[in-house]
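Participant:
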Amino acid sequence: MRILRAADYRVMPWKNGGGTTTEITVSPDGAGLDDFDWRVSMARVEGGGPFSGFAGVDRTLAVLEGEGIVLDIAGRPPARLTGASAPLSFPADVATTAALISGPITDLNVMTRRGRATHTVERLQVSAPTDIRPTTATTLILPLDGEVGVTGSTPLDLGPRDTLLIGPEVALLHVEPARPTTVFVIRIATLG
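Mapped onto the numbering used here, the consecutive letters of the sequence shown carry residue numbers 30 to 221.
(1) So, is Asp37 buried or exposed, given that buried needs 16 or more other C-beta atoms within 10 angstroms?
(2) Exposed or buried, what is Thr50 when buried is set at 16 or more other beta-carbons lying within 10 Å of its beta-carbon?
(3) Within 10 angstroms of its Cβ, does Pro206 collect 16 or more other Cβ (buried), or is it exposed?
(4) Using DSSP's beta-bridge definition, name the partner residues of Leu93.
(5) Using a Cβ-Cβ cutoff of less than 6 Å, which residues in the same chain neighbour Ala124 once the five nearest sequence positions on both sides are dropped?
(6) Please go through the same chain and pick out, in chain order, the residues whose beta-carbon is closer than 8 Å to the beta-carbon of Arg105, but skip the five residues on each side of it.
(7) For a quick check, are the C-beta atoms of Leu187 and Pro163 less than 8 Å apart?
(8) For Thr183, is the classification buried or exposed, using 16 other Cβ atoms within 10 angstroms of its Cβ as the cut-off for buried?
(9) Would you decide whether Ala72 is buried or exposed? Buried here means 16 or more other CB atoms lie within 10 Å of its CB.
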């Protein structure tokens with residue numbers, strides 16, 4: 030288990046130059062936007078416009094703060110995402126544009142390169158002690174707006190937007206919130 034502190038995340042420009050992204054973690058370590066196997070990040074979206082394209086990549090988006098966003102993904106009806114919506118998965122290599130519902134948002138973005146990895150993203154409302162079972166090679170636990178204590182092989186504390194990175198050796202995590210909070214559970218399976 031490894032804690033990634035929000036204060037240490039790397040801020041970098043979007044691939045299309047339209048804003049900035051805060052990289053939480055990437056695999057392999059040090060990979061760039063064109064050669065990662067998987068990547069987890071947050072972005073502040075200040076205005077509508079086209080999404081960056083990523084050839085051969087699947088992505089999942091969730092709204093962390095703000096009123097929300099409407100995504101126009103080629104070949105699909107428009108999708109409205111808010112802080113209460115389930116995370117939305119879609120191919121990152123199809124034309125996608127965004128319109129803000131009312132003001133800027135911050136989103137969570139998980140991407141995996143097809144043929145190298147797959148992922149799921151789950152949004153949990155945690156108000157009491159909860160057990161989480163890591164089921165793949167890599168699991169990430171990210172509390173959105175509150176502190177949580179986590180007990181696995183050793184007890185530790187996560188602050189808002191800190192991330193716990195867990196390998197396959199951990200079979201069960203006990204998550205206890207200091208107060209009700211939203212927790213994202215990201216599971217990444219490496220292929221091959």
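Even for Gly, the Cβ is constructed at its ideal location relative to N, Cα and C.
Since the structure is predicted, the reported quantities are computational estimates derived from the model, not experimental observations.
Facilitator: Here's the rundown:
(1) Asp37 comes out exposed.
(2) It counts as buried.
(3) With 16 or more other Cβ atoms from the protein chains shown falling within 10 Å of its own Cβ, Pro206 counts as buried.
(4) Here Leu93 is not bridged, per DSSP, to any residue.
(5) Hits under 6 Å: Ala103.
(6) The residues are Phe119.
(7) Their beta carbons are not under 8 Å apart, which means Leu187 does not touch Pro163 by this criterion.
(8) Exposed, since its Cβ has fewer than 16 Cβ neighbours within 10 Å.
(9) Counting of Cβ neighbours within 10 angstroms places Ala72 among the buried residues, the total reaching 16 or more.
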